[in-house]
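Chains as they are written, first to last, in the numbering used here: chain C, 992 to 1372; chain V, 49 to 230.
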C-alpha cells in the first residue's frame, strides 16, 4: 500500500483523454446530445466544465448542439461537441455553415457501425467520406484520426489549435475501440501545451471588416461578439463586410480562398507516423484502430522476412496525397485495411496513380481487424 | 513480453471494472505498458460483457487479446464463446457455481467466486475482486502490492477494506486450488 503512481501518469479511456486535452487547451464551452460511443465526453464535460468556470449545455438534439457551439465560438469560446454517426448526420447542415462562415470549432465523431442507428456499441470506420463530404458544397474541413489514447489527447490539442489558427471546423474522427480502450498517458505539463488563438483585429470597430484578410495565411482576423465589434455572419456567400452577395467574382474568390487557406497550411496538416518504412517493399496505409492491428502485422511480417512497413495517417483530410505518392514510388505494393467496404482506399489509389498496386482489405460487422488478417495479405506474393 | 488476460461474463458483474483495476495495477504501480479494452452490448445490465488487459514491457500495438494466457469466465455463455481461446497450459478460472467446464488443454480452476463473495465477504458484488485476487495469485501478471494499491484507488469511499478482503480471499482460494492441482 506504500506504492505511489507518478502524479501526471493516468490510465485514461480514449474519450477521457479527449476531455482532458480539451480542458487543457482552453475549451470552456460544450453543447451536445449524448450518444454511444461518445457519451463519456458529454458526461465528463458536464462534471468538469463547471469546475473550470466553463459552461455545459445539454441540447435537445445534434442540430442545436452544433448551432450552439457555432454561437459559442462567435462569442470567443473554443467550443466542443461530440457525437456518433446518427448525430453527425444531423450536424451536417451547420457544419457547412461553420465552414463557409469560418467558425473555429471542434466536433468529435466516435464512429460506430452504420448506416442509421446500426450497432451502437461496436466499432467501424464508415464515416470517413461523410466527414469529408457530408455537407453540401465545396467546403473545406480538417479531419484528424487517433489510433491510441495518447494520440487522442495530442490530436485533440491539435484540433483546437488548427481550428483557431485557420478558422475552420475540425472533426476528430475516432472509433469505438480507441474511444473506449484505456492506456497509460503521461499528461503534459499545462505550461508546455501550445495554445493557439484565432487572429484578432488590429483595427478599431468602425474599420473592421470581418472577412478581410491581411496576412499570407489568408485567415481573416476574428472579433468576438460582445467585444464592441459589430458584424454580420451568414451562410450565404458574403464579401469582406460579411453581408450576402450574389456576385460571381466575389463568390469565386471567397470559396477559392477557403481552400487556398488549407493548401497554404499543408505542412501543418501533414500528420503521419512511419513504422519500419525505410526499406519497406510492402506498405500498409492505415488509420485509427485498424492501424493498431496493422502495426502488429507489419512486425510479424518482418520476422518472417517480408520487408513490410506502416504509414499511419493521423490527418485524413486534407488527404496527404504527396506523401502517399512518394510512398507509392518506392513500394512494390500497398495495402489499405479499413473497417468499411472501401473509402479512403480511393484516395490512396488516386495518389498512387498506378505507381504501385493498391489492395483493399475490408472488415465490417462491428469487430476490429485481427493482426493475422493483415499479416496474411502481407505474406501473399 | 506481451501477456494477455480476458475477463468475461455478464454485464453488471463488474468485470470491466476488474479489468480497469488490473490495468492500473500494471500501468501505474508496476510501471508496465498496458492496454485495457472491452466489448459489451447496449444493455446496462445483462448481456455478454468482456474486458481484455494486455501487459507488456514494450509499447503495445494490438489492443485486444487473441490467445489469452488466462481467462476468467463468470457465465456459461462466456465460457462457450471464449473457453477454447485460452492458451494451451494457460489458466482457465471460472465461477464453479455458474459455469460447467469440460476438460481441455488449459489448467482449470473452478472457484465459488460468487458464493464466497456473498457468504464470506458479505457482498456478492465483490466476486469480481475475488476473481482478480485469484487471477494474480495464479499468473503473477501484476504484483500483489500493485493490485491492492490499484483496488484501493478505485474502490468507492468506505469500501476499501471489503474490496481488499475480497482480493485476499481470492489469493487464498486460488492458492489452495493450485495445491490440489499439483
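Note that the Cβ used here is the ideal one computed from N, Cα and C, for glycine as well.
Task: Neighbourhood of residue 1270/C by C-beta, 6 Å cutoff - its chain only, sequence neighbours within 5 removed - done: Cβ within range, chain order: 1298.
Is the beta carbon of residue 1022/C less than 7 Å from the beta carbon of residue 1060/C?
-> Yes, these two residues count as a Cβ contact at 7 Å.
Assign residue 992/C to one of three DSSP states: helix, strand, or coil.
Any answer about residue 992/C is weak, because its pLDDT of 45 lies below 50 and its placement is not dependable; what the coordinates show is given next. Three-state result, residue 992/C: coil.
Subject >> Cβ of residue 75/V within 7 Å of any chain C Cβ >> reply: Judged by the 7 Å Cβ criterion, residue 75/V is in contact with chain C.
**Study point:** Contacting residues, own chain, Cβ-Cβ under 7 Å from residue 1078/C (five flanking each side not counted)
**Key:** The residues are 1024, 1026 and 1053.
Quick check: the Cα distance between residue 1137/C and residue 1102/C, rounded to an integer number of angstroms?
The straight-line gap from Cα to Cα measures roughly 12 Å.
Please tell me whether residue 1175/C has its Cβ less than 7 Å away from any Cβ of chain V. Interface criterion met: the Cβ of residue 1175/C is under 7 Å from a Cβ in chain V.
Quiz prompt | Contact belief for residue 1116/C with residue 1331/C at Cβ below 8 Å, rounded distance in angstroms | solution = The Cβ separation is near 5 Å, so the contact holds.
Exercise. Could you give the uninterrupted runs of the alpha helix (DSSP H) lying entirely in the region 1038 to 1119 of chain C, keeping only those of 4 residues or more?
Worked result: For the alpha helix (DSSP H) assignment, the uninterrupted runs of no fewer than 4 residues enclosed by the region 1038 to 1119 of chain C are, from N- to C-terminal side, 1053 to 1065 and 1076 to 1092.
To the nearest angstrom, how far is it from the Cα of residue 1180/C to the Cα of residue 1232/C? Each residue's Cα considered, the two are about 41 Å apart.
_Mapping the DSSP letters down to three states, classify residue 198/V as helix, strand or coil._
Reduced to three states, the DSSP call for residue 198/V is helix.
### Query
Candidates 226/V, 187/V and 195/V: which alpha carbon is nearest residue 119/V's?
In terms of CA proximity to residue 119/V, 187/V leads the group 226/V, 187/V and 195/V.
Identify the continuous alpha helix (DSSP H) that holds residue 181/V and give its terminal residues. Unbroken alpha helix (DSSP H) run through residue 181/V: 175 to 187.
Report task. Pair every Cβ in the region 1340 to 1358 of chain C with every Cβ in the region 1307 to 1324 of chain C, then say whether three or more of these pairs are closer than 8 Å. Result -> Three or more Cβ pairs drawn from the region 1340 to 1358 of chain C and the region 1307 to 1324 of chain C lie within less than 8 Å of each other, which places the two stretches in contact.
Using 7 Å as the limit for Cβ to Cβ distance, is residue 1178/C near chain V?
No, its Cβ sits nowhere closer than 7 Å to a Cβ of chain V.
Original post:
Is the CB of residue 154/V under 7 Å away from at least one CB in chain C?
Top reply: Closer than 7 Å: no.
Identity of the residue in 1296/C, 1125/C and 1321/C nearest residue 1371/C by Cα | Among 1296/C, 1125/C and 1321/C, the Cα nearest to that of residue 1371/C is on 1296/C.
Q. So, are the CB atoms of residue 1167/C and residue 1114/C less than 7 Å apart?
A. A contact, by the Cβ cut-off of 7 Å.
Of the choices 1031/C, 1329/C, 1362/C and 1225/C, whose alpha-carbon is the least far from that of residue 1065/C?
The shortest CA-to-CA distance from residue 1065/C to any of 1031/C, 1329/C, 1362/C and 1225/C is the one to 1225/C.
Open item on the list: Quick check: what's the CA-CA separation for residue 162/V versus residue 1175/C?
Closed with: Between the C-alpha atoms of residue 162/V and residue 1175/C there is a straight-line separation of about 31 Å.
By DSSP's criteria, residue 52/V is part of a beta bridge. Which residues make up the other side? BP columns for residue 52/V point to 102/V.
Practice prompt. Name, please, each residue of chain C whose Cβ falls closer than 8 Å to the Cβ of residue 90/V.
Written response: Result: 1027, 1111 and 1112.
What first and last residue would you give for the alpha helix (DSSP H) that runs through residue 1009/C? Where residue 1009/C is concerned, the enclosing alpha helix (DSSP H) stretches over 1005 to 1015.
- Buried/exposed call for residue 205/V, threshold 16 Cβ in 10 Å: Exposed, because fewer than 16 other Cβ atoms sit within 10 Å of the Cβ of residue 205/V.
*asked:* Between residue 177/V and residue 218/V, how many whole angstroms is the CB-CB distance? I'm expecting something under 8 Å.
replied: In this structure residue 177/V touches residue 218/V by the C-beta definition: roughly 7 Å separates them, less than 8 Å.
- Query: What are the residues of the region 179 to 211 of chain V that lie near chain C, defined by any Cβ-Cβ distance shorter than 7 Å?
  - Reply: Going along the region 179 to 211 of chain V in chain order, one finds 193, 194, 196, 197 and 200 with a Cβ nearer than 7 Å to chain C.
Handout entry: Distance CB(residue 1327/C)-CB(residue 1276/C) smaller than 7 Å
Key = In this structure, residue 1327/C sits near residue 1276/C, with a CB-CB distance shorter than 7 Å.
Query raised in the report: Which word fits residue 132/V, buried or exposed, when buried means at least 16 other C-beta atoms lie within 10 angstroms of its C-beta?
Result: Exposed.
Q | Three-state class that DSSP yields for residue 114/V in the structure shown | A | The DSSP-derived three-state label of residue 114/V is coil.
Quiz prompt | C-alpha gap between residue 1273/C and residue 1303/C, whole angstroms | solution = Looking at the two C-alpha atoms, the distance is approximately 14 Å.
- Query: Okay, do the region 1138 to 1158 of chain C and the region 1011 to 1018 of chain C touch, 3+ Cβ pairs below 8 Å being the bar?
  - Reply: Counting Cβ pairs under 8 Å, three or more are found: they touch.
| said: I want to know whether the region 1092 to 1100 of chain C touches the region 1154 to 1166 of chain C - three or more CB-CB distances under 8 Å. | reply: The region 1092 to 1100 of chain C is in contact with the region 1154 to 1166 of chain C.
message: Against chain V, does residue 1362/C count as a neighbour if the rule is that its beta carbon must be under 7 Å from one of theirs?
response: True, the Cβ-Cβ gap to chain V drops below 7 Å.
Chain C within 7 Å of residue 66/V, Cβ atoms only | Not an interface residue.
Could you give the uninterrupted runs of the alpha helix (DSSP H) lying entirely in the region 1189 to 1267 of chain C, keeping only those of 4 residues or more?
For the region 1189 to 1267 of chain C, whole alpha helix (DSSP H) runs of length 4 or above, ordered along the chain, are 1239 to 1255.
Worksheet item: When DSSP builds the beta bridges, which residues end up paired with residue 1174/C?
Response: When beta bridges are read from the DSSP output, residue 1174/C appears opposite 1003/C and 83/V.
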